[in-house]
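I have placed the structure first, in the form of structure tokens, so that the comments after it can refer back to it.
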Amino acid sequence: MARRVPRTTLDRLRTPRRFHGFLKSASICVLIAGLLSPLTQVTASAATASNDYCGGQCSDILPPGENGNATLAQILLNQAFGTQPSHAEDQLGPYANLATGYPALTDSTINTFFNDASFGVPSDQVASTEKPAGRSDVTIVRDKKTGVPHITGTTRYGTEFGAGYAAAEDRLWLMDVFRHVGRGRLTTFAGGAASNQGLEQEFYRNAPYTEADLQAQIDNAVAKNGARGQQALADAGAYLAGVNSYIDASDSGRYFPGEYVLTGHKDSITNAGTIDHFKITDLVALASVIGSLFGSGGGGEVNNALSLIAAQSKYGVAEGTKVWESFRERNDPEAVLTVHNGESFPYASTPADPQGEALPDAGSVTQEPLVYDRTGSAATSSATSASATAAKTTLSSAKRGMSNALVVSGKYTKSGHPIAVFGPQTGYFAPQLLMLQEIQGPGISARGASFAGLSMYVELGRGQDYSWSATTSGQDIIDSYAVELCQDDYHYLYHGTCTAMDKVEQANAWKPTTADGTAAGSYTMRVWRTKYGPVEYRATVGGKKVAYTTLRSSYLHEADSIIGFQMLNDPDFVKGPADFQAAAQHINYTFNWFYADSQHTAYYNSGDNPVRASGVDAEFPVWGQAAYEWKNWDPSTNTADYTPASAHPNSIDQDYYISWNNKQAKDYTTASWGDGSVHRGNLLDDRVKKLVAAGGVTRTALVKAMADAALEDLRAEDVLPKLLKVVNSSTVTDSTAAAAVAKLQAWVTAGAKRTETSAGSKTYADADAVRILDAWWPLLVKSEFQSGLGSDLYTAFTGNLSVDEAPSAGHGPTGSHAGSSFQYGWWSYVDKDIRAVLGESVQGGLAQKYCGGGSLSSCRDILISTLKTAAGTTAAQVYPGDDQCSAGDQWCADSIVQRTLGGIKHGKISWQNRPTFQQVVEYTSHR
343 MARRVPRTTL
353 DRLRTPRRFH
363 GFLKSASICV
373 LIAGLLSPLT
383 QVTASAATAS
393 NDYCGGQCSD
403 ILPPGENGNA
413 TLAQILLNQA
423 FGTQPSHAED
433 QLGPYANLAT
443 GYPALTDSTI
453 NTFFNDASFG
463 VPSDQVASTE
473 KPAGRSDVTI
483 VRDKKTGVPH
493 ITGTTRYGTE
503 FGAGYAAAED
513 RLWLMDVFRH
523 VGRGRLTTFA
533 GGAASNQGLE
543 QEFYRNAPYT
553 EADLQAQIDN
563 AVAKNGARGQ
573 QALADAGAYL
583 AGVNSYIDAS
593 DSGRYFPGEY
603 VLTGHKDSIT
613 NAGTIDHFKI
623 TDLVALASVI
633 GSLFGSGGGG
643 EVNNALSLIA
653 AQSKYGVAEG
663 TKVWESFRER
673 NDPEAVLTVH
683 NGESFPYAST
693 PADPQGEALP
703 DAGSVTQEPL
713 VYDRTGSAAT
723 SSATSASATA
733 AKTTLSSAKR
743 GMSNALVVSG
753 KYTKSGHPIA
763 VFGPQTGYFA
773 PQLLMLQEIQ
783 GPGISARGAS
793 FAGLSMYVEL
803 GRGQDYSWSA
813 TTSGQDIIDS
823 YAVELCQDDY
833 HYLYHGTCTA
843 MDKVEQANAW
853 KPTTADGTAA
863 GSYTMRVWRT
873 KYGPVEYRAT
883 VGGKKVAYTT
893 LRSSYLHEAD
903 SIIGFQMLND
913 PDFVKGPADF
923 QAAAQHINYT
933 FNWFYADSQH
943 TAYYNSGDNP
953 VRASGVDAEF
963 PVWGQAAYEW
973 KNWDPSTNTA
983 DYTPASAHPN
993 SIDQDYYISW
1003 NNKQAKDYTT
1013 ASWGDGSVHR
1023 GNLLDDRVKK
1033 LVAAGGVTRT
1043 ALVKAMADAA
1053 LEDLRAEDVL
1063 PKLLKVVNSS
1073 TVTDSTAAAA
1083 VAKLQAWVTA
1093 GAKRTETSAG
1103 SKTYADADAV
1113 RILDAWWPLL
1123 VKSEFQSGLG
1133 SDLYTAFTGN
1143 LSVDEAPSAG
1153 HGPTGSHAGS
1163 SFQYGWWSYV
1173 DKDIRAVLGE
1183 SVQGGLAQKY
1193 CGGGSLSSCR
1203 DILISTLKTA
1213 AGTTAAQVYP
1223 GDDQCSAGDQ
1233 WCADSIVQRT
1243 LGGIKHGKIS
1253 WQNRPTFQQV
1263 VEYTSHR
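This is the structure we're talking about:
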């Protein structure tokens, strides 16, 4: 099996890619039997749509396709001949085609690139009707175009039973994978590939839960939420009954996902083996994975401390702190904002007199080991490398952004009704992490996307007369505490008493399978837990031995958010923007939530933001002492006082909202670095602001704004013109540099996009200019800043914020073939520094001028020198190739790959920087 280039945490899950030898040995009987699927009754019935107030103007899309399950025979045929199971990739083409089709878009052609997201299924579009398990109280209708399940129940139990049954029909294998990831047991289930080892280690560090911990989450969530908590428990029980009913039916009927055979859990001939039933704690394990990936902002306090120490070592304490703060950009006055009306929402601001800081002694920090007792393939270099990558990802400041939103008030639209184009960027996988569904039943009326295995409610989508969506917000809900050690390395002082740490272990072992030929191996993951959270580092502070722990407000509380999603699905609860905000307040994940109906728009930033002790700086570790704990923190339940809803950035009926994981509002500090003068949020804000200024905004116009920004190279649009201004401050006499400048300028004039010459050409327009900038950017950043900062501080700062995140930049936080790009990088630093050197006005500038030491001519020399080097760098050097692409293939290097989480593969699509699941909505009326 070919080695993969890691991209995001989920890409490190290894699954079947080539089974040619196995295909040769598969019997024809098995092949034919595997192709059989359960019989369904095709009818002309259709669900009623009398509760739909969108007037045919709600659309959505979720590539590659709804069907994420495949039998063994379907997997083998796909691997050998590329054939696709029904509805496995029928949304991939329309999604991909928008990249070249959007310039000619009209309202009437939107659904060429999106699905009709109206409620119900027209009678002539019904593909099948199913009564799961023969129940009379629920019906699952699937449409011909996409195969999306439309679940209609006459009882609440039946409705949720149907939701669980449909989820298992479409995502059973994926659900099973992620319940094992959430428990740190992936290798025992899917194989011991180094990528699988890294993935389970990463999530186990974040959430080292025991079975008792998972059950306690459920008990606590139910207990504190009254009738809604009891209803959520009942809904989860019915949902699980539906999942397990499908497991039994597919097992006895032998149409279960073929990955169970390929990973050794089932026998293709005798059908021996079992597929374990799901239980309620599996849902919490799944939720812990999703919450960690997309909704837990913060962390990185120890890394912040290390770069601060490097800055103070270079410049002295006062000046070093000033330099550090200028790069941190906690509250940059030039940052693009979601709430842009000037309203202030102070959070995690710089304290005037910091208290309790526990900065490590220089050179004393060591990372806490996670893996012990390696044997066999767990001891190989690739396995230890995967462990190192997993640790770095977990322990660095959260870079979990992605997702965007464009929402315009009806005051500025042609129809007078609000318009929204929004959705989450959850990466590209086969099958997709999300699944589409419509659920109609007592107290539930919604259509949209839900994470597989958590789809008892629609999590992002639409109700009867409103739609909602989210982007990752990233405000800091994670703190690091320094606990002083006593007795030995596994006891610490808690409120003056020497207290034993809690040891939690997970022992895993694996052996080769058809899907994963990794040799047998084993290891034990061991986490030491304190009342302040798991131990992540060890160090000394003022000569005292300490352990640094990580505590997040959602730790032991991943199940709590179910109540907010239940509310969003309830038409009797959400009747307007204030109700929407009230529902979002019950979600403890760190998200930006957006809302639109026929009259109003709204925004709310969710998350349990802890009330910190006075003087505590959220950027750095503090002592694990009572004086510096969260206000009214109870370690037995990990609960505390949280900032009130009014203190969270929120708004109703602002002229427009945009979000691309940018700063939420004035004075509201996010945990990740890079909220400065240039952010990818500017790509949306600039376009939507122009539309609003002109008025008469349509769905077409807003989709075009999104699609146009999705092809833009942020560096080329917002920074390159200033770099060229420096270069052209005198005549460029060097022929190599002059030719490169001409190409770059022509690209900027043409729109600075990374786009094909024509649909399907797989060749970029302005390809040379794109190559030159891709080569130039890391060179110019290093030459611009390293000499001024010094090697140690420059390296420390690049550890806080990577230099680049171009689509092909496999070294960036999202890696290669990810789609999502230009979120994390040094574009704001370059922008502010170059403007300062040019003598232009800069608000919130860097503490010093770095390019050429502030000399325009010296800066110009640096830029021209590095530009010449970049111009001479070949495409094969810039795009060195990987398991997906040959060296020098620029289009392929940027391309989006649906990373396989199962046995079905899909083709590459051209790069777009847009949500994975996306809605386009404009409601025409209201209840």
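In my numbering, the protein residues as written are 343 to 1269. For glycine and all other residues, C-beta sits at the position ideal for the given N, C-alpha and C.
query: Those residues which DSSP pairs with Y890 across a bridge; result: A824, Y879
query: At least 3 beta-carbon pairs within less than 8 Å: the segment 803-817 vs the segment 783-793; result: yes
query: One or two residues paired with I632 in a DSSP bridge; result: I632 pairs with nothing; no bridge assigned.
query: Contact set for A704: own chain, Cβ-Cβ below 8 Å, skip 5 residues either direction; result: I651, S655
query: DSSP three-state assignment for M777, whether helix, strand or coil; result: strand
query: Reference Q573, options A1094, L1056, I904, closest by Cα; result: I904
query: Other residues of its chain near L1209: CB distance less than 6 Å, five sequence neighbours each side excluded; result: A1079, A1082, W1118
query: Buried or exposed (CB count within 10 angstroms, at least 16 for buried), Y836; result: buried
query: Beta-carbon proximity of D1055 to A1094, cut-off 7 Å; result: yes
query: Cβ-Cβ distance between Q848 and G1141 below 7 Å; result: no
query: Span separating the alpha-carbon of K873 from that of C1201; result: 52 Å
query: F936: first and last residue of the uninterrupted beta strand (DSSP E) it sits in; result: 933-939
query: Given E1098 as reference, the closest of S1144, A1036, Q1232, A989 once Cα atoms are compared; result: Q1232
query: The ligand NAD heavy atom lying under 6 Å from the CB of G1038; result: In the structure on display, the ligand NAD does not appear, and there are no ligands present to speak of.
query: Option nearest P406 by Cα separation, candidates L748, D432, K853; result: D432
query: Among W1169, G1167, Y1192, the one whose alpha carbon lies nearest that of V1179; result: Y1192
query: Reduced DSSP category for T1258 - H, G, I as helix; E, B as strand; rest coil; result: coil
query: Straight-line Cα distance separating I622 from A576; result: 11 Å
query: Host beta strand (DSSP E) of D831 (start-end); result: 830-836
query: The segment 823-831 / the segment 398-413 touching (three or more Cβ pairs under 8 Å); result: no
query: C-alpha gap between K1273 and L1066, whole angstroms; result: Since the displayed the chain opens at 343 and closes at 1269, residue 1273 lies outside it and no answer follows.
query: Other residues of its chain near N548: CB distance less than 7 Å, five sequence neighbours each side excluded; result: S634, T736
query: Buried or exposed (CB count within 10 angstroms, at least 16 for buried), V659; result: exposed
query: Cβ shell of I901 (< 7 Å), same chain only, five flanking positions each side left out; result: In the sequence under discussion, the amino acid at residue 901 is Ala, which differs from the Ile named in the question. Same-chain partners within the cutoff: Q559, I560, A563, V626, A629.
query: S1170 vs S948 beta-carbon contact at 7 Å; result: no
query: Same chain, Cβ closer than 7 Å to A578, neighbours up to 5 away in sequence not counted; result: I622, L625, M798
query: Backbone secondary structure at C371 - three-state DSSP; result: With a pLDDT of 34 at C371, under the threshold of 50, the predicted position of this residue should be treated as unreliable, though the coordinate-derived value follows. Correct three-state label for C371: helix.
query: Nearest-angstrom Cα separation, counted from P952 out to D1203; result: 49 Å
query: Strand pairing of E1098, partner residues [DSSP]; result: Y1106
query: At least three beta-carbon pairs within less than 8 Å, the segment 632-647 to the segment 931-950; result: yes
query: Cβ pair count under 8 Å reaching 3, the segment 999-1015 against the segment 752-759; result: no
query: Spatially closest choice to A1148 from Q1128, R1022, V1034, by CA coordinates; result: R1022
query: Distance between T855 and G615 (C-alpha atoms, nearest Å); result: 14 Å
query: Cβ-based neighbour list, T390, same chain, cut-off 7 Å, excluding 5 preceding and 5 following; result: Per-residue confidence for T390 stands at a pLDDT of 41, beneath the threshold of 50, marking its modelled position as unreliable; the derived number appears in the next sentence. Result list for T390: G462, in chain order.
query: Alpha carbon of T979 to alpha carbon of N911, nearest angstrom; result: 28 Å
query: Which listed residue (G783, S811, A772) has its alpha carbon closest to that of A794; result: A772
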